[in-house]
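In our numbering, the protein residues as written are 4 to 165.
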């Protein structure tokens, strides 16, 4: 069994985990236990499940690594749950809802993939006119005046874009 501290976050994670998303993942783990696995590459870098791993680490959950070459689907049987259990229903809701509270890092996605390849995956980008010249698209993006400015509201704790 691997110790969780040995796993590494994906430096190019395409998912942005908001504070709300992290709270809901943590609540799901606390109230329902682990519902699905995370995915690692052969170097123990997380491919999928960075947000779940972060919250599980905070809660001190153990992780068991199952080796696979991708030619089989690994199913987890929760022996403590049955079809009509309230906890099972809650876990199904939490599992589906938590992914809705995070979002894609579209800048990272566009940097790593061509527009044609994104179309093959039917990924809808959040802008109408997609430039085909990716270098021109990102021109000036690193300038301070082009970066989004945000602050945390002192009353409600929400992040506000300025």
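C-beta: ideal position from N, C-alpha, C; glycine also.
Closer than 7 angstroms by C-beta to residue 13: which residues in its own chain qualify, once you throw out the five before and the five after it? Chain order, please.
In its chain, beyond the 5 residues on either side, 48, 49, 50, 53 have a beta carbon closer than 7 angstroms to the beta carbon of residue 13.
In three-state DSSP terms, what is residue 105?
In this structure, residue 105 counts as strand in the three-state DSSP scheme.
Assuming residue 39 is part of the alpha helix (DSSP H), what are its boundary residues?
Element bounds for residue 39: n/a, residue is neither H nor E.
CB of residue 28 within 7 angstroms of CB of residue 55, strictly:
Yes; because the gap between Cβ atoms is below 7 angstroms, this pair is in contact.
Inter-stretch contact (C-beta, 8 angstroms, three-pair minimum) for the stretch 16-23 and the stretch 80-100:
These segments do not touch.
I need the straight-line Cα distance from residue 115 to residue 88, nearest angstrom please.
Cα-Cα distance, rounded: 43 angstroms.
Give me the Cα-Cα distance between residue 155 and residue 120, rounded to the nearest whole angstrom.
If I take the Cα positions, the gap works out to 36 angstroms.
With a cut-off of 7 angstroms, does the C-beta of residue 122 fall near any C-beta of chain B?
Going by chain labels, chain B is absent from the structure shown, which holds only one protein chain.
Is the separation between the beta-carbon of residue 94 and that of residue 38 shorter than 7 angstroms?
Contact flag set, yes.
Over the uninterrupted beta strand (DSSP E) stretch that includes residue 59, give me the two end residues.
Per DSSP, residue 59 belongs to no beta strand (DSSP E); it is in the alpha helix (DSSP H), 53-62.
Rounded to whole angstroms, what's the CA-CA distance from residue 73 to residue 159? Just pull it up for me.
Whole-angstrom Cα-Cα distance: 44 angstroms.
Reduced DSSP category for residue 79 - H, G, I as helix; E, B as strand; rest coil:
Three-state DSSP puts residue 79 in coil, outside helix and strand.
Buried or exposed for residue 110, going by 16 or more other Cβ atoms inside 10 Å?
With fewer than 16 Cβ atoms within 10 Å of its Cβ, residue 110 is classed as exposed.
State buried or exposed for residue 68, treating a residue as buried only when at least 16 other CB atoms are found within 10 Å of its CB.
When all chains shown are included, residue 68 counts as exposed.
State the CB to CB distance for the pair residue 32 and residue 62, rounded to an integer number of angstroms; the pair is presumed to be in contact (CB under 8 angstroms).
Yes, residue 32 and residue 62 are in contact; Cβ-Cβ is about 6 angstroms, under 8 angstroms.
Boundaries (first-last residue) of the beta strand (DSSP E) holding residue 87:
It is not in any beta strand (DSSP E) - residue 87 carries neither H nor E in the DSSP assignment.
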